[in-house]
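Q:
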Amino acid sequence: MKLLLLTWVSLASFIYAGTITIPPTVGVGGSSVQFTSTPPAPASDSGLDAPKVLPNVNSTTYQWYYFDVVSNDSSYSAVVTFFAAPDTAFPFTLSPSMTLEVLITIQTPESDSFYLNGAFATDAQVTTLSDGASGVWEGTGLSFTGSPDLSTYQVNFDSADLLGITGSISMQSVAPAHYPCNGNQAGVNMALMPSVGWANAVPDSQATVQLEINGQNITFTGFGYHDMNWGDIPFTAAVGTWHWGHGRLGPYSLVWFSGTSADGTSYTSGYVAQNGAILGTTCSTSAVSVTPTSTSSGGSGFNIEIDLGTQGVFQAQFSADHETLAFGSEFSRYSGSLVGGISGGESYTGSAIFDEFDFTSI
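Structural data, given as structure tokens:
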């Protein structure tokens, strides 16, 4: 296995101070996988957004960096994912041996699936500095740059020849980072459910998308988001169902999750911030509810309810207006409108992106 250390790396304590190189093929042997958070910046260089699977993914482990933006009216969206994952560990990548893949989807008012493309990298470098991370998936023309304090992220596209896309996605965070049950603090559980890790570096941001795709300019502003997921067993061995989304409505930033593990046990996570301050983050199944809805016109969506204790109960309704990506009956991604607020208070409107997995029939 190839592991390049520009400065000393302690695998045992997951303390990073520099850049690692991730090889493009499945590793042989075990991977060290982290599920307990280390001190936030500046106490260490391991950081919230640092790689969590070292020194490389093998046939049963995975990690990815995910970025998206949805416009205020949900007519545009952009999603890009930087994978280190063979298809034996995550079923929607494209190779059992090549692990470094990028996947891009773009939605426009003219088409919910205006652009879908991807490529494999020859290797990848991920640089960790305090809480932030920056990555380059070599050979694809795609990279991302994060600030040490997580306040800004930018995804860069320089792939005119390979993927027909150039430009950038820029994010200015407006909501503090968090883990499934806690804010950004040391010594907490990072598992969303057993064997699935989650760290949400940018729950919400002011985002600008400026892209040229095959000669056409795609420019919009909206609500941006960035997180990372990872696991120590194949995703389908850990997950039964998965309902996750994020959005903004009025002064509120919202992130929600409800799902089941492969054995049918329920897990949830709910996060609400207001004007840049966390109102609450919880993983209590009694405090977070995500239930499907349908309308007479055939539309669908979800009711989201998060009990914030003394802050009240946050209630929102998400309408799945646009299906932007699907893999059979096992995965769908939607963008759409979001309506809600604190129960008994003012109601606001906004937009959101939502993902769902269902592996119960496989």
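Residue numbers (mature numbering (1 follows the signal peptide of the UniProt record, and there is no 0)): -17 to -1, 1 to 345. Using N, Cα and C, we set each Cβ at its ideal position, and we do this for glycine too.
#1: Under a CB-based cut-off of 9 Å, is residue 242 close to chain B?
#2: Could you check the C-alpha separation between residue 56 and residue 198 for me, to the nearest Å?
#3: Between the segment 232 to 240 and the segment 318 to 336, do three or more beta carbon pairs fall short of 8 Å?
#4: Under a Cβ-count criterion, where at least 16 other Cβ atoms within 10 Å of its own Cβ denotes burial, should residue 5 be classed as buried or exposed?
#5: Might you give, ordered along the chain, the residues of its own chain that have their beta carbon closer than 7 Å to the beta carbon of residue 340, omitting 5 neighbours on each side?
#6: Can you tell me whether DSSP reads residue 240 as helix, strand or coil?
#7: For residue 18, does the three-state DSSP call read helix, strand or coil?
#8: Please return the same chain residues whose Cβ sits closer than 7 Å to the Cβ of residue 217, not counting the five positions on each side in sequence.
#9: Between the segment 148 to 159 and the segment 182 to 189, do three or more beta carbon pairs fall short of 8 Å?
#10: Using a Cβ-Cβ cutoff of less than 7 Å, which residues in the same chain neighbour residue 95 once the five nearest sequence positions on both sides are dropped?
#11: Can you check the segment 82 to 141 for any beta strand (DSSP E) of at least 3 residues that lies completely inside it and give the ranges in chain order?
#12: When you compare the CB positions of residue 33 and residue 158, do they come within less than 9 Å of one another, or not?
#13: Could you give the residue range of the beta strand (DSSP E) that holds residue 276?
#14: For residue 218, name the three-state secondary structure that DSSP assigns.
#15: In its own chain, which residues sit with a C-beta less than 6 Å from the C-beta of residue 253, not counting the 5 before and 5 after it?
#16: Give the secondary structure of residue 324 by DSSP, where H, G and I count as helix, E and B as strand, and everything else as coil.
#17: Since residue 120 contacts residue 83 with CB under 8 Å, what's their CB separation in whole angstroms?
#18: I'd like to confirm the pairing. Which residues does DSSP put opposite residue 339 in its beta bridges?
#19: Under the assumption that residue 86 contacts residue 182 (Cβ atoms under 8 Å), give the Cβ distance between them as a whole number of angstroms.
#20: With distance defined between alpha-carbon atoms, name the residue in 200, 98, 130 nearest to residue 110.
#21: Classify residue 92 as buried or exposed, calling it buried when 16 or more other Cβ atoms lie within 10 Å of its own Cβ.
#22: In three-state DSSP terms, what is residue 198?
#23: Please go through the same chain and pick out, in chain order, the residues whose beta-carbon is closer than 6 Å to the beta-carbon of residue 316, but skip the five residues on each side of it.
#24: With which residues is residue 298 paired in a DSSP beta bridge?
#25: For the putative contact between residue 63 and residue 192, defined by C-beta atoms under 8 Å, what is the C-beta separation to the nearest angstrom?
#26: Indicate the three-state DSSP secondary structure (helix, strand or coil) for residue 293 in the structure shown.
#27: Determine, using beta carbons only, whether residue 11 and residue 215 come nearer to each other than 9 Å.
#28: So, with DSSP's three-state summary, where would you put residue 168?
#29: With respect to the beta strand (DSSP E) encompassing residue 50, which residues constitute its N-terminal and C-terminal limits?
#30: Quick check on DSSP: helix, strand or coil for residue 356?
#31: Mapping DSSP to helix, strand and coil, what is residue 62?
#32: I'd like the list of long-range same chain contacts for residue 344, defined as Cβ closer than 6 Å, with 5 residues on each side in sequence excluded.
#33: The beta strand (DSSP E) that contains residue 255, what's its start and end?
#34: Please classify residue 60: is it buried, with 16 or more other beta-carbons within 10 angstroms of its beta-carbon, or exposed?
A: So, from the listed chains and residues:
#1: This model lacks chain B altogether, as it is built from one protein chain only.
#2: 25 Å
#3: yes
#4: buried
#5: 222, 224, 225, 313, 314
#6: strand
#7: coil
#8: 43, 71, 72
#9: yes
#10: 305, 306, 307
#11: 83 to 91, 94 to 103, 107 to 112, 115 to 120, 125 to 129
#12: no
#13: 271 to 277
#14: helix
#15: 239, 265, 271, 289
#16: strand
#17: 6 Å
#18: 226, 315
#19: Actually they are not in contact, since the Cβ atoms of residue 86 and residue 182 sit about 20 Å apart, beyond 8 Å.
#20: 130
#21: exposed
#22: coil
#23: 307, 308, 338
#24: 288, 324
#25: Residue 63 to residue 192, Cβ: 10 Å. No contact.
#26: helix
#27: no
#28: coil
#29: 45 to 54
#30: As displayed, the chain neither begins before -17 nor continues past 345, which places residue 356 out of reach and without an answer.
#31: strand
#32: none
#33: 249 to 257
#34: buried
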